[in-house]
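Counting in this note's numbering, the sequence shown runs from 13 upward without gaps.
Backbone N, C-alpha and C fix where the C-beta goes; we use that ideal spot for every residue, glycine too.
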Amino acid sequence: MKKFLLISTLMLLLIVSVVSIGKSVTIRYWMWDPSIKAKEQALISAFEKSHPNIKVELTTMEPKNYWPKLSAMSAAKSLPDVFNMSSGYVEGWSSAGLLYRLNDFIAQLDSSKYFPKLLAVTTYNGNTYAFPFAWVTTVLYYNKDMFDEAGLAYPTDDWTWFDFLNAAIRLTKDKNGDGKIDQWGYWFYGRYAHVEPWIYQNGGRLLNEDKTRFDPDANAMETLKFLTDLVLKYKVAPSKKSMTGVRQQDVFPLGMAAMWTDGSWNTENARNIVKGKFRWGIARVPRGPHWTHDITYAWPDSISISAFTKHPEEAWELVKFLTGPAVPVNLFMAGKVPSYKPTAYSEEWLQKDKQPGNMDLILKLGNNPVRTSFTKGWSEWRGYGGAEGMGLNGAIDKVVNGEEDLYKAIFDSTIYVNKVLKRYYK
Numbered sequence: 013m014k015k016f017l018l019i020s021t022l023m024l025l026l027i028v029s030v031v032s033i034g035k036s037v038t039i040r041y042w043m044w045d046p047s048i049k050a051k052e053q054a055l056i057s058a059f060e061k062s063h064p065n066i067k068v069e070l071t072t073m074e075p076k077n078y079w080p081k082l083s084a085m086s087a088a089k090s091l092p093d094v095f096n097m098s099s100g101y102v103e104g105w106s107s108a109g110l111l112y113r114l115n116d117f118i119a120q121l122d123s124s125k126y127f128p129k130l131l132a133v134t135t136y137n138g139n140t141y142a143f144p145f146a147w148v149t150t151v152l153y154y155n156k157d158m159f160d161e162a163g164l165a166y167p168t169d170d171w172t173w174f175d176f177l178n179a180a181i182r183l184t185k186d187k188n189g190d191g192k193i194d195q196w197g198y199w200f201y202g203r204y205a206h207v208e209p210w211i212y213q214n215g216g217r218l219l220n221e222d223k224t225r226f227d228p229d230a231n232a233m234e235t236l237k238f239l240t241d242l243v244l245k246y247k248v249a250p251s252k253k254s255m256t257g258v259r260q261q262d263v264f265p266l267g268m269a270a271m272w273t274d275g276s277w278n279t280e281n282a283r284n285i286v287k288g289k290f291r292w293g294i295a296r297v298p299r300g301p302h303w304t305h306d307i308t309y310a311w312p313d314s315i316s317i318s319a320f321t322k323h324p325e326e327a328w329e330l331v332k333f334l335t336g337p338a339v340p341v342n343l344f345m346a347g348k349v350p351s352y353k354p355t356a357y358s359e360e361w362l363q364k365d366k367q368p369g370n371m372d373l374i375l376k377l378g379n380n381p382v383r384t385s386f387t388k389g390w391s392e393w394r395g396y397g398g399a400e401g402m403g404l405n406g407a408i409d410k411v412v413n414g415e416e417d418l419y420k421a422i423f424d425s426t427i428y429v430n431k432v433l434k435r436y437y438k
């Protein structure tokens, strides 16, 4: 009798187990780019086919609506199971207990297939809360035709500030002798992607070591002086106000400046505007006098799992699929790197037959140590959104427009930025 009961119990457990395995689970997935909804839905259909017990409900939303809606849902602890996560929000959302810890899941992956150093941006207090599906970095764009005309060699990996400045001076030209510059050597806009890579390539930092206070070190100040002097002292770059009416990302592709530092994501815009008008390439940001090793200013677009999900394993299966080999190259705009290395290194992504022709440089940068200044309140202290014209952005604008001395502008900016940071870091 006991033997019969034991066998019956084991059979019952087996039946329950089988039913459990076959039970359908629905995962809600939110993403911020409606323009690729059809492609994303096709990817999800492929996922559902390979995971028949998991159904995915996709919601796409414009970025301007995405974060307010998601923030409201977080307050009610009703977040979608899986959702796109910005590098700038990882610390704030994870410290608020809104994101699921991914360490154990990530440990099961083959790290050689990804860019593990990018995880530094999505890790808080030793725990990783978002997994990259793509990433971007900053590069030096340069006009090959202008370099050739000036008899200059193209930028190299070991280019220094001196090399850069020498080229910028020779590339700045008043072609018709009317006293007005027709071709600028460089275009400096003064936002995060135009400033921070230079600071890190000079061994500097904007924030203190634990990233709770704005405290530019001597190397950072030296960098800011060098960059603003390109406009004020060396006159190889135009002031920001003199370029009013031209989108900052269009100055270089329109042929108004020979060089420009910005995000790799502008590759697509440059291709669309330049077409075949001139030849151009990309290089790493030049090294400053206090450079010791290359540091890449880069950050990923990632996917997080809600801390409140009832299905973390199934949610991770979706995250893994959306960041792996099944994702087609046409989901990534030019210059945005797939987080899955075999895809990133594929001929289809590298597109060596298209300008700039050396996209592999971007991949090399992804293997360097990565640094950013993302903190809680980053957009406010930087000077975006409702804080437009304030913070560090506003300070740099005043300097390059000749309205304020650099040191006074940074002093005033430090007071403002730290008022913002003190609201988040006591």
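Burial state of residue i, where buried means 16 or more other Cβ atoms lie within 10 Å
{"i": "Q213", "result": "buried"}
{"i": "Q120", "result": "exposed"}
{"i": "K253", "result": "exposed"}
{"i": "I211", "result": "buried"}
{"i": "N65", "result": "exposed"}
{"i": "K431", "result": "exposed"}
{"i": "N178", "result": "exposed"}
{"i": "P350", "result": "buried"}
{"i": "D409", "result": "buried"}
{"i": "I427", "result": "exposed"}
{"i": "K388", "result": "buried"}
{"i": "P496", "result": "For residue 496 there is no data in the structure shown, the boundaries of the chain being 13 and 438."}
{"i": "W393", "result": "buried"}
{"i": "P80", "result": "exposed"}
{"i": "E52", "result": "buried"}
{"i": "S106", "result": "buried"}
{"i": "G397", "result": "exposed"}
{"i": "R435", "result": "exposed"}
Alpha-carbon to alpha-carbon, residue j and residue i
{"i": "K156", "j": "L91", "result": "49 Å"}
{"i": "S425", "j": "T384", "result": "19 Å"}
{"i": "I33", "j": "E325", "result": "Low local confidence applies: a pLDDT of 46 at I33 is under 50, so the model's placement there is unreliable, with the coordinate-based value given in what follows. Distance between the alpha carbons of I33 and E325: 12 Å."}
{"i": "L25", "j": "S36", "result": "A caution first: L25 carries a pLDDT of 41, below 50, which makes its placement in the model too unreliable to give a value."}
{"i": "F386", "j": "W147", "result": "15 Å"}
{"i": "A50", "j": "I56", "result": "10 Å"}
{"i": "A327", "j": "L110", "result": "15 Å"}
{"i": "G2", "j": "D160", "result": "Only positions 13 to 438 of the chain appear in the structure, and residue 2 is not among them; the question remains open."}
{"i": "A88", "j": "A399", "result": "27 Å"}
{"i": "K420", "j": "L218", "result": "16 Å"}
{"i": "G257", "j": "S251", "result": "13 Å"}
{"i": "N342", "j": "K353", "result": "15 Å"}
{"i": "I193", "j": "G288", "result": "24 Å"}
{"i": "I294", "j": "V151", "result": "6 Å"}
{"i": "A205", "j": "K438", "result": "28 Å"}
{"i": "L404", "j": "V429", "result": "8 Å"}
{"i": "V263", "j": "W199", "result": "7 Å"}
{"i": "R182", "j": "K348", "result": "32 Å"}
{"i": "V297", "j": "M97", "result": "27 Å"}
{"i": "S391", "j": "D372", "result": "31 Å"}
{"i": "V286", "j": "M268", "result": "12 Å"}
{"i": "S318", "j": "E280", "result": "33 Å"}
{"i": "D170", "j": "L377", "result": "13 Å"}
{"i": "F344", "j": "I48", "result": "10 Å"}
{"i": "Y112", "j": "R203", "result": "32 Å"}
{"i": "M402", "j": "K61", "result": "50 Å"}
{"i": "A84", "j": "H323", "result": "21 Å"}
{"i": "Y309", "j": "R40", "result": "32 Å"}
Cβ of residue i within 9 Å of any chain D Cβ
{"i": "K376", "result": "Within the model displayed, chain D is absent; a lone protein chain is all it includes."}
Distance CB(residue i)-CB(residue j) smaller than 9 Å
{"i": "S86", "j": "D313", "result": "no"}
{"i": "R299", "j": "W173", "result": "yes"}
{"i": "K366", "j": "A346", "result": "yes"}
{"i": "T273", "j": "Y153", "result": "yes"}
{"i": "L418", "j": "T240", "result": "yes"}
{"i": "T321", "j": "V94", "result": "yes"}
{"i": "V412", "j": "V243", "result": "yes"}
{"i": "L375", "j": "H63", "result": "no"}
{"i": "L201", "j": "Q260", "result": "Position check: residue 201 holds Tyr in this sequence, whereas Leu was assumed. Taking 9 Å as the Cβ cut-off, Y201 and Q260 qualify as a contacting pair."}
{"i": "W303", "j": "V382", "result": "no"}
{"i": "I422", "j": "P228", "result": "yes"}
{"i": "T149", "j": "S316", "result": "no"}
{"i": "I118", "j": "L130", "result": "no"}
*asked:* Does the contact criterion of 3 or more C-beta pairs under 8 Å hold for the segment 182-189 versus the segment 218-232?
replied: Cβ pair count under 8 Å is below three, so no.
_So within the segment 42-84, which uninterrupted alpha helix (DSSP H) runs reach at least 4 residues, ignoring any that extend past its ends?_
Counting whole runs of 4 or more residues, the segment 42-84 contains the alpha helix (DSSP H) stretches 49-62.
*asked:* Across the segment 357-369 and the segment 130-143, are there enough close Cβ pairs to call them in contact, namely three or more that are closer than 8 Å?
replied: Fewer than three beta-carbon pairs drawn from the segment 357-369 and the segment 130-143 are found closer than 8 Å, and the two stretches are therefore not classed as touching.
*Can you check the segment 240-295 for any beta strand (DSSP E) of at least 3 residues that lies completely inside it and give the ranges in chain order?*
Fully enclosed beta strand (DSSP E) runs of 3 or longer: 271-275 and 292-295.
_Validate contact between the segment 64-82 and the segment 118-133 using beta carbons, cut 8 Å, 3 pairs_ = The segment 64-82, when compared against the segment 118-133, does not touch it at the 8 Å Cβ threshold.
*For the segment 94-127, list the alpha helix (DSSP H) runs that are entirely contained and at least 4 residues long, ordered along the chain.*
Qualifying alpha helix (DSSP H) stretches, in chain order: 102-107 and 115-118.
*Only counting runs of 4 or more residues, tell me where the alpha helix (DSSP H) segments fall wholly within the segment 126-180, in order along the chain.*
For the segment 126-180, whole alpha helix (DSSP H) runs of length 4 or above, ordered along the chain, are 156-162.
*Uninterrupted beta strand (DSSP E) stretches inside the segment 338-392 (no shorter than 3 residues)*: Those beta strand (DSSP E) runs which fall completely within the segment 338-392 and span 3+ residues do not exist here.
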